[in-house]
Amino acid sequence: MSDSIANAWLVAHGRDIPLRAGALVMAVLNITPDSFSDGGMFLDPGAAVAQGELLVRDGADILDIGGESTRPGSHPVPPAEQIRRVLPVIAQLRDRTNVPISIDTRSAQVAEAAIEAGAHIVNDISALRCDEALADVVAQRRAGLVLMHMQGSPETMQTDPHYDDVVADVRGFLAERAGFAMSAGIGRQQIVLDPGIGFGKRLDHNLRLMRHVDRLAELGFPVLVGPSRKRFIGELSGAPANERLPGTVAACLAVVARGAQIVRVHNPATVRQAIAVARAIENAT
Ligand code: HH2
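Heads up: the sequence shown begins at 327 in my numbering, then just goes up one per residue.
If you want it as structure tokens, here you go:
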């Protein structure tokens, strides 16, 4: 784990978010009936706000709030419904915490409303391929932007994913998308890249991408990885989604050691502690 990124930061709608050696922890807050591991738990705005505050107490550096599940086989949720789910929660958390907020959406309308309510980052799993108005919203608002790789769409992505060379293919895609974003007026320091663990990938694809995160980091943008509770952990261990924290921790430590600067997880306290210990051992003389 190198200290070379200690002075870098992410520009995110009026906030400069410092990136630190040892990685930032982005905590997941899904306000959906059907997310694969926490669906239905935080549909009530009061419960969602309480969970957001808990995640912040647990050490979240960023809160990633979403109103649409994108698990394999899921269907798109109309923007108006996403807005109905997330807006009151973003507005209340903006008043109650100081932690930067990310909106997990592919929709320009949702992103615009969320930024207006207090969000700083747009986390777009389609990497600006779904809604052509989104690039302009991010550019105008100078929001942070996560560009994630996905093969296919959530409905069909796990049917038969195929790559010539998964690391080279994902790296090429992310480089092209970052170029597209910058040509649309989005600044280099607003951009984060994400290999999209589980989005149109078999077990071996996911493992190779995490093993070679350093190849993605070479592109010169911060890299975010989201392994939390995902199916690859179940495939390796047989554990159901709510028992995959140990595998999540192992994956986070592996990708942070290889240069990931943000990890997206459901259990920030546990993951932060693990990263702190691994990093202290790495730095011991
Ligand atoms: N994974 C999920 C959702 N959004 N965004 C980024 N940037 N990277 C990811 O790996 C990622 C993501 C899926 O996880 P989750 O939010 O827990 O489930 P669901 O999509 O069912 O709500």
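Just so you know, even glycine gets a beta-carbon here, dropped at the ideal spot from N, CA and C.
Neighbour flag for residue i against chain D, beta carbons, 8 Å
i      : result
GLN515 : In the structure shown, chain D cannot be found, because there is only a single protein chain.
Residue i burial status per 10 Å Cβ neighbour count (16 or more: buried)
i      : result
VAL589 : buried
ASN333 : Because ASN333 sits at a pLDDT of 48, beneath the cut-off of 50, its placement in the model cannot be relied upon, and the point is left open.
MET538 : Note on residue identity: the sequence assigns His, not Met, to residue 538. Buried, because 16 or more other Cβ atoms sit within 10 Å of the Cβ of HIS538.
SER433 : buried
PRO572 : exposed
PRO426 : buried
ILE607 : exposed
GLN516 : buried
Near ligand 1: residue i beta-carbon under 7 Å from a heavy atom
i      : result
ASN593 : no
LEU550 : yes
THR358 : yes
VAL354 : yes
ARG528 : no
THR431 : no
SER361 : yes
MET474 : yes
SER554 : yes
ILE523 : yes
ASP457 : no
GLY585 : no
SER452 : no
One or two residues paired with residue i in a DSSP bridge
i      : result
VAL591 : ALA353
MET474 : ASP520
ASP430 : GLY392 and ASN449
Runs of alpha helix (DSSP H) wholly within the stretch 335 to 391 (minimum 4 residues, chain order): The stretch 335 to 391 contains these whole alpha helix (DSSP H) runs: 371 to 383.
Whole beta strand (DSSP E) elements within the stretch 510 to 589, 3-residue minimum: Counting whole runs of 3 or more residues, the stretch 510 to 589 contains the beta strand (DSSP E) stretches 517 to 520.
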